[in-house]
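Report on the structure given below.
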Amino acid sequence: MNILIIGSGGREHAIAWKIAQSPLTDNLYIAPGNPGTALLGTNIKLNSDDHQQVINAIIELKINLVVIGPEAPLVSGLADSIRNNPQLSDVSVVGPGKEGAQLEGSKDFSKNFMFRHNIPTAAYKTFSKDELSEAYDYLKSLQPPYVLKADGLAAGKGVIIAQDILEAEEALKQMLVESKFGEASSKVVIEEFLSGIELSVFVLTDGTDYIILPEAKDYKRIGEGDTGPNTGGMGAISPVPFADSTFMSSVEKEIIKPTIDGLKSEGIEYKGFIFFGLINCNGKAKVIEYNARMGDPETEVVMPRIDSDLVPLLFAAGKGEIKNHSIQFKPEYAATVMLVSKGYPDHYPKGLTIALPENQGKAILFHAGTAMNNHSDLVTSGGRVLAVTHYGSSVANAFQEAYQVANKVQFDGIYFRKDLGYDLK
Ligand code: AMP
Ligand code: GLY
28 MNILIIGSGG
38 REHAIAWKIA
48 QSPLTDNLYI
58 APGNPGTALL
68 GTNIKLNSDD
78 HQQVINAIIE
88 LKINLVVIGP
98 EAPLVSGLAD
108 SIRNNPQLSD
118 VSVVGPGKEG
128 AQLEGSKDFS
138 KNFMFRHNIP
148 TAAYKTFSKD
158 ELSEAYDYLK
168 SLQPPYVLKA
178 DGLAAGKGVI
188 IAQDILEAEE
198 ALKQMLVESK
208 FGEASSKVVI
218 EEFLSGIELS
228 VFVLTDGTDY
238 IILPEAKDYK
248 RIGEGDTGPN
258 TGGMGAISPV
268 PFADSTFMSS
278 VEKEIIKPTI
288 DGLKSEGIEY
298 KGFIFFGLIN
308 CNGKAKVIEY
318 NARMGDPETE
328 VVMPRIDSDL
338 VPLLFAAGKG
348 EIKNHSIQFK
358 PEYAATVMLV
368 SKGYPDHYPK
378 GLTIALPENQ
388 GKAILFHAGT
398 AMNNHSDLVT
408 SGGRVLAVTH
418 YGSSVANAFQ
428 EAYQVANKVQ
438 FDGIYFRKDL
448 GYDLK
C-alpha cells in the first residue's frame with residue numbers, strides 16, 4: 028500500500044513511525060514531513076492549503092491511504108476535496124470533512140452539539156461583538172475563575188482562564204472588540220470552570236463503529252508544578268492510572284457513543300480520529316473540548332502503545348469498514364518528554380544546532396520542530412523541538428528512562444519539565 032501522511036510535527040513523525048513498521052506499507056510519503064520522518068519514508072513538498080496540489084500528488088504517487096494529521100487542513104476541507112474527486116474513489120482518507128471538523132473548528136458548534144446529545148460538559152453561553160453587555164452580565168452570574176474561549180482555531184492559544192471579574196471583562200473586550208485572535212474570536216464562548224485532572228481519549232471511527240485507542244495524559248503548562256502559560260503540551264503518559272475500566276466504560280457510554288451516534292444522526296459523515304479532551308470531576312468525566320485529530324504530544328505515547336498493525340485499521344476507518352477490526356495494546360507504560368526552545372511558548376530563536384546523543388538506548392526520538400540547514404546540520408525550527416519517548420514498568424520508570432536520554436540532547440537554551448508524572452504517583 029502507498030501511504031501519504033499530511034503534516035510535519037511530532038504527531039506525524041509518531042504516526043509515520045507506526046505505519047513504517049507495517050508489512051502492508053510499500054511506500055510511505057510525508058508532506059512536508061521533517062528530518063525525523065525522512066528516516067522512515069520520503070518527505071515531499073506539498074502545500075496542504077492547495078487541495079489540487081495534494082490531489083495531483085495522490086494520483087501521481089498512486090496513493091491508497093491518506094492520513095491527515097493537523098487540524099488546519101481538516102477544517103479547510105482537504106478530506107472532502109479528496110473524497111469528492113471521482114478519480115480518487117478508491118483512496119481511503121483518514122480525517123473528517125469540513126463539517127465534522129467543526130467539532131474542533133468551532134467551540135460554539137461543539138458546545139451546541141454536546142448539549143443536543145446530552146454529553147456532559149461545562150455550562151456555557153456564546154456571545155458576539157454586539158452582545159458585549161449581555162456577556163458581562165453572564166460573567167457576573169458565574170463564579171471565578173472564568174473560562175473564555177475564542178470560537179475558532181487559534182493555534183491552541185484561544186482559551187483564557189481569568190482569575191477575577193476585572194481580568195475576565197478585559198479579556199472579553201480584547202477578544203470580541205479588539206479581535207485578539209482575529210476572526211477566531213469574533214464569537215466567544217464563556218463557560219463554567221471545571222476542576223479535576225484532565226486526560227485525552229482517542230478513537231478511530233468510520234462514522235458508525237469505532238476503536239478506542241490508548242488514552243493519555245498530557246502536561247499543558249510550561250512550568251513545573253503546572254504553572255505558567257499553556258503550551259501545546261510538554262510531555263505525556265499512557266496509560267493513565269486513574270482511567271480504570273469503570274471510568275473508561277462510563278466515558279464510552281456517556282461520551283464516546285453519544286458523540287459517534289450524534290454525528291451520524293445529524294448526517295455528518297465522520298471518518299477519522301476524534302480526540303476527547305476530558306476532565307475527571309470527582310470520578311465523572313466531562314468534555315473540555317473535542318479535536319478532529321490526534322493530540323500532540325499524546326500521539327508520541329499512543330502510537331508506541333499500540334501493539335497491532337495500525338495500517339489495516341486506518342484503511343478500514345477511511346473506507347467505512349472498521350466494524351470487524353480490533354486493536355491490541357502493549358502492557359508497558361510509555362512516557363514522552365518534550366524538549367523545547369528557551370522562550371517557548373512566546374518568542375524563541377530558531378536555527379540552533381542540535382546534538383543528538385550517540386547512544387539513545389531504547390528511547391524513541393520524535394522530531395517536532397527540527398530542520399536541516401544548508402550545511403546539513405540538524406537545527407531547531409520550532410518551539411517544541413523533540414519528544415523523547417520511552418517505555419517503562421510504571422509511570423515513574425518510563426519518565427526516568429526518558430529523562431536519561433533527554434539529558435543527553437543538546438541545543439542552546441534547551442528546556443524541559445523535570446516533574447512529569449509526579450502528580451500520578
Ligand atoms: P481547550 O483548548 O478547550 O482544550 O482549553 C485549553 C485548556 O484550558 C484545557 O486543556 C484546560 O486545561 C483549560 N480549560 C478549558 N476549559 C476549561 C473549563 N471549562 N474548566 C477548566 N479548565 C478549562
Ligand atoms: N496536546 C493537546 C493537543 O494536541 O491539542
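The working numbering puts the sequence shown at residues 28 to 452. In this text, a Cβ means the ideal position worked out from N, Cα and C, and glycines have one as well.
Nearest by alpha-carbon distance to TYR195: which of ASP288, ALA162, LYS313 and VAL120 is it?
One-based indexing of the sequence shown puts residue 195 at position 168. According to the sequence as given, residue 195 is Ala; it is not Tyr. With distances taken between Cα atoms, ALA195 lies closest to ALA162.
N- and C-terminal bounds of the beta strand (DSSP E) containing VAL120:
Numbered from 1 along the sequence shown, position 93 holds the residue referred to as residue 120. VAL120 -> beta strand (DSSP E) spans 119-121.
The ligand AMP heavy atom lying under 7 Å from the CB of LYS247
For this step, residue 247 is matched to residue 220 along the sequence shown. Within 7 Å of the C-beta of LYS247 there is at least one heavy atom belonging to the ligand AMP.
I'd like to know if the region 200-210 and the region 272-292 are in contact, where contact means that at least 3 CB-CB pairs between them fall below 8 Å.
Not touching, per the Cβ criterion.
Alpha carbon to alpha carbon, what distance is there between LEU73 and ASP107?
Against the sequence shown, residue 107 aligns to sequence position 80. Against the sequence shown, residue 73 aligns to sequence position 46. ASP107 and LEU73 have their C-alpha atoms spaced approximately 17 Å apart.
Quick one: what's got a C-beta closer than 6 Å to TYR151's C-beta in the same chain, skipping five residues either side?
Within the sequence shown, the letter at position 124 stands for residue 151. Cβ within range, chain order: LYS138, VAL216 and GLU218.
TYR306, DSSP secondary structure in three states
As a first step, residue 306 is located in the sequence shown; it is residue number 279 there, counting from the start. A small correction: the amino acid at residue 306 is Ile; Tyr does not occupy that position in the sequence shown. Strand at ILE306.
Please determine whether the Cβ atom of GLY304 lies at a distance below 7 Å from any heavy atom of the ligand AMP.
Numbered from its first residue, the sequence shown carries residue 304 at position 277. Result yes, Cβ under 7 Å from the ligand AMP.
Chain-order list of residues whose beta-carbon lies under 6 Å from that of ALA263 (same chain, five-residue window excluded)
Within the sequence shown, numbered from 1, the residue matching residue 263 stands at position 236. These residues qualify, in order along the chain: ALA243, ASP245, PRO324, GLU325, VAL328 and THR363.
Would you be able to state if there are at least three C-beta pairs under 8 Å between the region 349-362 and the region 222-235?
With a cut-off of 8 Å on Cβ pairs, the region 222-235 is in contact with the region 349-362, counting three or more such pairs.
Of the residues GLY294, ALA65, ASN61 and VAL118, the one placed nearest GLU87, counting alpha carbons only:
Looking up residue 87 in the sequence shown gives position 60. Of the candidates GLY294, ALA65, ASN61 and VAL118, the one whose C-alpha sits nearest the C-alpha of GLU87 is VAL118.
In this structure, what does DSSP give as the bridge partners for VAL93?
Locating residue 93 in the sequence shown gives position 66, where the first residue counts as 1. According to DSSP, which records beta bridges pairwise, VAL93 is partnered with LEU31 and VAL120.
Beta-carbon proximity check, SER213 vs SER292, cutoff 8 Å
Residue numbering aside, residue 213 sits at position 186 when the sequence shown is read from its first letter. Residue numbering aside, residue 292 sits at position 265 when the sequence shown is read from its first letter. Not closer than 8 Å, so no.
Pull up the DSSP beta-bridge partners for GLU316, would you.
Along the sequence shown, one-based indexing puts residue 316 at 289. In the DSSP output, where bridge partners are listed per residue, GLU316 has GLY304.
May I ask whether a heavy atom of the ligand AMP can be found less than 7 Å away from the beta carbon of LEU447?
Residue 447 sits at position 420 when you count from the first residue of the sequence shown. Checking every heavy atom of the ligand AMP against the Cβ of LEU447, none is found closer than 7 Å.
At the level of alpha carbons, what is the spacing between PHE142 and THR153?
Stepping through the sequence shown from its first residue, residue 142 is reached at position 115. Stepping through the sequence shown from its first residue, residue 153 is reached at position 126. If you take the alpha carbons of PHE142 and THR153, they lie about 13 Å apart.
Beta-carbon contacts of ALA398 that lie in its chain and below 6 Å, excluding the five residues immediately before and after:
Numbered from 1 along the sequence shown, position 371 holds the residue referred to as residue 398. Excluding residues up to 5 positions away in sequence, VAL406 and SER408 lie with their Cβ nearer than 6 Å to the Cβ of ALA398 in the same chain.
Hey, is the region 419-438 in contact with the region 381-393, meaning 3+ C-beta pairs nearer than 8 Å?
Contact between the region 419-438 and the region 381-393 is present, because at least three Cβ pairs lie under 8 Å.
Suppose you measure from the CA of ILE57 to the CA of ILE295; what does that come to, to the nearest Å?
If you number the sequence shown from 1, residue 57 lands on position 30. If you number the sequence shown from 1, residue 295 lands on position 268. About 28 Å.
Extent of the continuous alpha helix (DSSP H) run through HIS40
Within the sequence shown, residue 40 is the residue found at index 13, counting from 1. That run of the alpha helix (DSSP H) goes 37-47.
Given HIS40, which residues of its chain have a CB within under 7 Å of its CB, disregarding the five upstream and five downstream residues?
As a working mapping, residue 40 is identified with position 13 in the sequence shown. If we look at HIS40 and ignore the five residues flanking it on each side, its Cβ neighbours are ASN61, GLY63, THR64, PHE393 and HIS394.
Put ILE249 into one of helix, strand or coil per three-state DSSP.
Within the sequence shown, the letter at position 222 stands for residue 249. ILE249: strand per DSSP, three-state reduction.
Who does GLU158 pair with in a DSSP beta bridge?
Counted from its first residue, the sequence shown places residue 158 at position 131. GLU158 pairs with nothing; no bridge assigned.
With a threshold of 7 Å, establish whether the CB of VAL186 neighbours any heavy atom of the ligand AMP.
Counted from its first residue, the sequence shown places residue 186 at position 159. At least one heavy atom of the ligand AMP is nearer than 7 Å to the Cβ of VAL186, so yes.
Locate the alpha helix (DSSP H) running through GLU126, then write down its first and last residues.
As a first step, residue 126 is located in the sequence shown; it is residue number 99 there, counting from the start. Annotation: the continuous alpha helix (DSSP H) that includes GLU126 extends over 125-132.
Taking 7 Å as the cut-off, is the CB of PRO50 close to at least one heavy atom of the ligand GLY?
For the purposes of this step, residue 50 is identified with residue 23 of the sequence shown, where counting begins at 1. False, no ligand heavy atom lies under 7 Å from that Cβ.
With distances taken from CA atoms, which of LEU451, HIS374, LYS369 and PHE220 is nearest PRO171?
Along the sequence shown, one-based indexing puts residue 171 at 144. Check the Cα spacing between PRO171 and each of LEU451, HIS374, LYS369 and PHE220: the tightest is with PHE220.
So, under 8 Å CB-CB, ARG411 and TYR371 are touching, yes? Tell me the CB distance rounded to an integer number of Å.
Working through the sequence shown from its first residue, we reach residue 411 at position 384. Working through the sequence shown from its first residue, we reach residue 371 at position 344. Beta-carbon to beta-carbon, ARG411 and TYR371 are separated by about 7 Å, close enough to satisfy the 8 Å threshold.
Using the C-alpha atoms, what's the distance from LYS247 back to MET261?
As a first step, residue 261 must be located in the sequence shown, where it is residue number 234. As a first step, residue 247 must be located in the sequence shown, where it is residue number 220. Straight-line Cα distance between these residues: approximately 6 Å.
Sequence-distant residues of the same chain with beta carbon closer than 7 Å to PRO100, five excluded per side:
As a first step, residue 100 is located in the sequence shown; it is residue number 73 there, counting from the start. If we look at PRO100 and ignore the five residues flanking it on each side, its Cβ neighbours are ILE33 and SER75.
Using the Cα positions of VAL228 and ASN434, report the straight-line distance between them to the nearest angstrom.
For the purposes of this step, residue 228 is taken as residue 201 along the sequence shown, with counting starting at 1. For the purposes of this step, residue 434 is taken as residue 407 along the sequence shown, with counting starting at 1. For VAL228 and ASN434, the distance between alpha carbons rounds to 29 Å.
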